[in-house]
Amino acid sequence: MTSKPDLETLAKEFDPESLATALYEAYNKSSDGGYFMEKIKKRFCGKVVKDHIPMMKELHTFLVDNRHTVKNPYVYGDIDVGVWYERSPTTTMDIVVVESYCSCANDNTHIFMLRDYSKDFTPEELTRFGRPYQDVKFLAVTAWPRQKKKKKLGHKWGDYRDVVEPSIQTYRKCQFNFGCQDGRDVGYSFKYESTTGMVEDAHWNEPRVMWALRTLRDAHFNAIELEEEMRLNREAQHSPLEV
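Start counting the sequence shown at 11; every next residue gets the next number (the working numbering).
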């Protein structure tokens with residue numbers, strides 16, 4: 011009986027070329043055909059997004075504790091970026107907004123929404139209900155400075171499908187429950203669900219997944235890691251000299 015190879019050892023040994031070769035060999039042996047890489051990307055992005063959930067929770071706690079709302083955002087990068095938290099009146103959802111004031115992108119705002127369904131129930135109810143009430147959903151989208159709707163003549167749906175470019179106000183008006191929450195939505199970046207461990211539509215949307223995660227990491231680094239480093243430096247400067 012052969013033992014499975016150690017994943018950490020494999021990760022150290024695999025360079026991009028070797029990994030691509032291994033995937034190619036697995037693809038040739040797979041019966042999934044064109045769905046092979048689709049399944050891999052969904053799972054790969056799911057693992058990467060899952061690793062960012064603690065970062066999202068920590069950033070949201072920091073913003074709430076320091077009262078960084080839309081009227082008092084945490085700013086960094088020569089005041090180029092503002093970060094604040096929002097509240098959903100209908101769900102227990104952690105919401106973080108990162109807006110770039112000097113962005114080349116038209117959709118210059120990222121909205122991160124993390125819902126831990128276990129917060130909606132007591133421990134007794136969770137024990138009784140079980141899954142899916144213990145699940146976590148992590149959604150990220152982009153928004154535009156102003157909402158735009160269809161102008162051309164033709165059929166109008168009378169709902170979110172008429173919105174061409176959603177804004178932060180679009181999400182506020184619908185209690186941050188906009189659209190289909192998948193690749194059909196304008197501005198969709200990713201949706202991770204702990205039930206599957208995957209990010210849907212990641213096989214064609216991976217660049218937007220990574221853009222959103224980089225935005226989250228930058229906000230976390232500046233608001234928490236860099237602030238802590240600066241605090242420690244200030245304390246060191248004002249501490250009495252050791253004899």
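Cβ coordinates follow ideal geometry from the N, Cα and C atoms, glycine included.
**Request:** With DSSP as the reference, please indicate the residues paired to MET208 in a beta bridge.
**Result:** GLU203
**Request:** State yes or no: is the C-beta of ASP117 within less than 8 Å of the C-beta of ALA150?
**Result:** no
**Straight-line Cα distance separating GLU235 from HIS248** = 20 Å
**Asked** From TYR202, THR137, ILE121 and HIS120, pick the residue whose C-alpha is nearest to that of ILE128; which is it?
**Response** It should be noted that the sequence gives Ser, not Ile, for residue 128. Taking only the C-alpha atoms, the option nearest SER128 is THR137.
**Request:** For GLY87, name the three-state secondary structure that DSSP assigns.
**Result:** Note: GLY87 maps to coil in three-state DSSP.
**Request:** Run through the stretch 30 to 106 for me and flag every whole beta strand (DSSP E) of 3 or more residues, listed as ranges in chain order.
**Result:** 84 to 86 and 91 to 96
**Asked** Any idea what DSSP makes of ARG125, helix, strand or coil?
**Response** strand
**Message:** Please report the straight-line C-alpha distance between PHE231 and ALA222, rounded to a whole angstrom.
**Reply:** In this structure, the alpha-carbon of PHE231 lies about 14 Å from that of ALA222.
**Request:** Mark ASP192 as exposed unless 16 or more other C-beta atoms lie within 10 angstroms of its C-beta, in which case mark it buried.
**Result:** It is exposed - the Cβ of ASP192 has fewer than 16 other Cβ atoms within 10 Å.
**Which of helix, strand or coil DSSP assigns to PHE188** = Looking at PHE188 - three-state DSSP - the assignment turns out to be coil, as it is neither helix nor strand.
**Prompt:** Among residues of its own chain, excluding the 5 on either side of VAL108, which ones have a beta-carbon nearer than 6 Å to its beta-carbon?
**Reply:** VAL93, HIS120, THR225 and ALA229
**Message:** Considering only their Cβ atoms, is the gap separating SER110 from PHE186 smaller than 8 Å?
**Reply:** no
**Message:** Going by the DSSP bridge assignment, what does HIS120 pair with across the sheet?
**Reply:** VAL108 and THR152
**Request:** Could you check what DSSP says for VAL173 in three-state terms: helix, strand or coil?
**Result:** strand
**Prompt:** How would you call MET208, buried or exposed, if buried means at least 16 neighbouring beta carbons within 10 angstroms?
**Reply:** By the Cβ neighbour-count rule, MET208 is buried, with 16 or more other Cβ atoms within 10 Å of its own.
**Asked** Roughly how far, in whole angstroms, is the beta-carbon of LYS60 from the beta-carbon of HIS213, given that I think they are within contact range, below 8 Å?
**Response** About 18 Å; that fails the 8 Å criterion.
**Message:** Run through the DSSP bridge pairs and tell me what TYR181 is partnered with.
**Reply:** In DSSP, TYR181 forms no bridge with anything.
**Asked** In chain order, what residues of the same chain have a beta carbon less than 7 Å from the beta carbon of ALA36, not counting five sequence neighbours either side?
**Response** none
**Message:** One question on the structure: do TYR95 and LEU73 come within less than 8 Å of each other, judged by their Cβ atoms?
**Reply:** yes
**Item:** N-terminal and C-terminal residue of the alpha helix (DSSP H) that ASN243 is part of
**Value:** Start and end: 236 to 248.
**Message:** Excluding the 5 residues flanking ASP211 on each side, which residues of the same chain have their C-beta closer than 7 Å to its C-beta?
**Reply:** For ASP211, same chain residues with a beta-carbon under 7 Å away, outside a window of 5 residues either side, are ASP192 and GLY193 in chain order.
**Request:** Mind checking who GLU219 pairs with in its DSSP beta bridge?
**Result:** The residue you asked about is not Glu; residue 219 is Val in the sequence shown. DSSP output for VAL219 lists no bridge partner at all.
**Prompt:** Once you ignore the five residues that flank ARG218 on each side, which residues in its own chain have a CB closer than 6 Å to its CB?
**Reply:** Counting only Cβ-Cβ distances below 6 Å, and skipping sequence neighbours, we find SER199.
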